[in-house]
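To keep things clear, I will list the structure first and then write my remarks on it.
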Amino acid sequence: MVSLNARERMLRRAAADIVAGMTVNLGIGLPTKVLRYVPANLPVCLHSENGIAGVGAPVANSDADPDLIDAGGAYVSTIPGTSFFDSAVSFAIVRGGRLDLTMLGAFEVAGNGDLANWIIPGKFSPGAGGAIELAQKARKVAVITTHTDKNGRPKILSQCRLPLTASGCVHRIFTDMAVCDVTPEGLRLTEIAEGLSVADVLNVTEADLVLPEGPLPTF
Amino acid sequence: MAMLDKTTVMAEAIAQIPDGATVMLGGFGVPGTPFSLIKELVRQGQKDLTLIKNDANETGMGVDWLLQNGQVRKLVVSHIGLNANAVRMMNEGEIEVEFVPQGILAERIRVAGAGVMGFVTDIGMGTLMAKGKPEITVNGVTGILETALKADFALVHASQADTFGNLRFTASARNFNPLISMAARKTIAEVKSVTPLGGLAPDDVHTPGPFVDHVVVIPELLEVYGVVER
Chain S
7 MVSLNARERM LRRAAADIVA GMTVNLGIGL PTKVLRYVPA NLPVCLHSEN GIAGVGAPVA
67 NSDADPDLID AGGAYVSTIP GTSFFDSAVS FAIVRGGRLD LTMLGAFEVA GNGDLANWII
127 PGKFSPGAGG AIELAQKARK VAVITTHTDK NGRPKILSQC RLPLTASGCV HRIFTDMAVC
187 DVTPEGLRLT EIAEGLSVAD VLNVTEADLV LPEGPLPTF
Chain L
772 MAMLDKTTVM AEAIAQIPDG ATVMLGGFGV PGTPFSLIKE LVRQGQKDLT LIKNDANETG
832 MGVDWLLQNG QVRKLVVSHI GLNANAVRMM NEGEIEVEFV PQGILAERIR VAGAGVMGFV
892 TDIGMGTLMA KGKPEITVNG VTGILETALK ADFALVHASQ ADTFGNLRFT ASARNFNPLI
952 SMAARKTIAE VKSVTPLGGL APDDVHTPGP FVDHVVVIPE LLEVYGVVER
């Protein structure tokens, strides 16, 4: 059903939302992988919670500066224009509304834009890190996630069952099957992965979807 | 006018920390973590500590040495996901863990250092993080009261320090270090080598000396400061 390169196409499609001039924070996991599809010469300022604006490319351990990691612990480099600052300034950037876009992972996301991505009570509770502030304060919040969990169950729900990271914060959802936008009319299916039918998407989406009238763009 | 020489032998600086103390630790992952001061704290064995830090390092590193040595009563952190041992100890009730959103943790420490009692924010409204916190309405918008977070001691890792305790940090090793330096009754800074007065240009100082009580020169650079092989 979902073709082999669906994940790559999801990442590539998400990367297209990162445009020149943005300040962007990419969460750990799938969101960080979006970077592979962002042109190296695109003028974008990558923010990292641990105090970097202008994160450069990842570096191999043999070339790494032990004092220079991103928030996910990967060794990174600087680029011309990089700045360093303390954690209070870093979150002034976040809460002060200087992030144009953040892309985050999700355990669950709901049709109304509620996001749960930090705790599964009794199973997984490592703490939220900076996720709550990113979700609440970035001007645009995108979720990148597989459409279903590893057991094939929907991750886009009518209502989150897990404790929320933030309510109503998500604007757009990228999955390996679809792109959906949170709108006042409901969750709108706006794009679909090549080779899939609308019925394929509806089958594994718990939230109600607003469907377009014409044909759906593919990615 | 001259400036006081605050260089102190590591054992003497750490010996001031009593059992039951609240200790802030710098660092976000490896960068900026005061591993040598932590190692001395392990050697001296103070008990029932409350640690305030962004994270719990990784299993087998830094904070984990204190956890494994049974010296920790409580962690106040934003995230412990890279330390499976800390997660286990939390789940089995061996330690208490208070999670704070990362930027709120930083700001609670910052305002404590700035002599402010707290602040009002909408971060965490409607989530578990807001539970039990007083709500306050400012100009028609409701937020929650976050209180200043102080400590008895702050242990920081600086890349450069002069004898008066003017500190400078490097790259992503800055993180919480300048903030905790301001928020504790006593601040102990470790540094690879201390420069004489004047060795740090006034404009290059990240943390001014008045916030720092002791400057400790690391006797040997532990391997743990290096690149982590994963």
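Chains S and L supply the protein sequences, listed in that same order.
Numbering (this note's numbering) for the first sequence: 7 to 225.
Numbering (this note's numbering) for the second sequence: 772 to 1001.
We put the CB at the ideal spot given by N, CA and C, even for glycine.
As the structure is a computational prediction, the values presented were derived from the model and not from experiment.
Item	Value
With a floor of 4 residues, list each alpha helix (DSSP H) that falls wholly inside the segment 870-940 of chain L, ordered by position along the chain.	873-884
Quick one: residues in its chain with C-beta nearer than 6 Å to the C-beta of L:MET832, no 5 flanking neighbours on either side, listed in chain order?	VAL995
In the DSSP assignment, the alpha helix (DSSP H) including S:SER93 goes from what residue to what residue?	93-101
What separation, rounded to the nearest whole angstrom, lies between the Cα atoms of L:GLY897 and S:LEU41?	32 Å
Return no unless some Cβ of chain S is closer than 9 Å to the Cβ of L:ALA883.	no
Compare the beta carbon distance of L:ASP1074 and L:ALA827 with 9 Å and say whether it is the shorter of the two.	Examination of residue 1074 of chain L is not possible in this model, given that chain L is present from 772 through 1001 alone.
Using DSSP with H/G/I as helix, E/B as strand and the rest coil, what is L:ASP826?	strand
Under a Cβ-count criterion, where at least 16 other Cβ atoms within 10 Å of its own Cβ denotes burial, should S:ASP69 be classed as buried or exposed?	exposed
If you measure beta-carbon to beta-carbon, which residues of the segment 945-978 of chain L are closer than 7 Å to chain S?	ARG945, ASN946, PHE947, PRO949 and LEU950
Any beta carbon of chain L sitting closer than 9 Å to that of S:ASN31?	no
Under 8 Å, with one C-beta from each stretch per pair, do the segment 900-914 of chain L and the segment 173-191 of chain S reach the 3-pair mark?	no
Given this structure, state the Cα-to-Cα distance separating L:GLN931 from L:LEU971, to the nearest angstrom.	8 Å
Please check the pair L:ASP987 and L:ALA784, which I expect to be a contact at CB under 8 Å, by giving their CB distance rounded to whole angstroms.	Per the sequence presented here, residue 987 of chain L reads as Val, with Asp not at that position. Yes, they are in contact, since the Cβ atoms of L:VAL987 and L:ALA784 sit about 5 Å apart, within 8 Å.
Going along the chain, which unbroken runs of the beta strand (DSSP E) with 3 or more residues stay wholly within the segment 103-129 of chain S?	107-110 and 114-116
Who pairs with S:PHE180 in a beta bridge, going by DSSP?	S:ILE150 and S:VAL185
Hey, quick one: how far does the alpha helix (DSSP H) through S:PRO37 stretch, first residue to last?	36-39
Does the beta carbon of S:ILE58 come closer than 9 Å to any beta carbon on chain L?	yes
Please check if any C-beta of chain S sits within less than 9 Å of the C-beta of L:ILE788.	no
Grouping DSSP H, G and I as helix and E and B as strand, with all else coil, what is L:GLU865?	coil
Exposed or buried, what is S:LYS143 when buried is set at 16 or more other beta-carbons lying within 10 Å of its beta-carbon?	buried
Have a look at S:PRO132 and S:CYS175 and give me their C-alpha separation to the nearest angstrom.	21 Å
Taking C-beta to C-beta, are L:ARG881 and L:VAL871 nearer than 9 Å?	no
Taking 8 Å as the limit between beta carbons, can you name the residues of its chain near S:VAL2, skipping five residues before and five after?	Beyond the ends of chain S as shown, which are 7 and 225, falls residue 2 of chain S; an answer cannot be given.
So within the segment 11-87 of chain S, which uninterrupted beta strand (DSSP E) runs reach at least 3 residues, ignoring any that extend past its ends?	29-32, 51-54 and 58-64
With 16 as the cutoff for other CB atoms within 10 Å, does S:ILE99 come out buried or exposed?	buried
Are L:PRO802 and S:PRO72 closer than 9 Å when you measure CB to CB?	yes
Drop a sphere of 10 angstroms on the beta-carbon of S:GLN165, count the other beta-carbons inside from all chains shown, and report buried for 16 or more, exposed for fewer.	exposed
Taking the C-alpha atoms as reference points, what is the distance between S:MET7 and S:LEU202?	For S:MET7, the predicted structure reports a pLDDT of 49, less than 50, and the residue's modelled location is therefore unreliable. A value from the coordinates is still provided. Each residue's alpha carbon lies about 7 Å from the other.
Below 9 Å between beta carbons: does that hold for S:THR171 and S:ASN123?	yes
Would you mind stating whether S:ALA137 and S:GLY33 have Cβ atoms separated by less than 9 Å?	yes
With distances taken from CA atoms, which of S:ASN209, S:ALA141 and S:ASP214 is nearest S:LEU121?	S:ALA141
Using a C-beta to C-beta distance shorter than 8 Å, which residues of chain L count as neighbours of S:ARG101?	GLY874, THR892 and ILE894
Between the segment 210-225 of chain S and the segment 144-163 of chain S, are three or more C-beta pairs nearer than 8 Å?	yes
By the criterion of Cβ-Cβ separation under 7 Å, what are the contact partners of S:ALA70 in chain L?	VAL998
Kindly list, in the order they appear in chain S, the residues whose Cβ is closer than 9 Å to that of L:THR821.	Simply none; closest approach about 16 Å.
If you measure between the beta carbons of L:ALA922 and L:ILE959, is that distance less than 9 Å?	no
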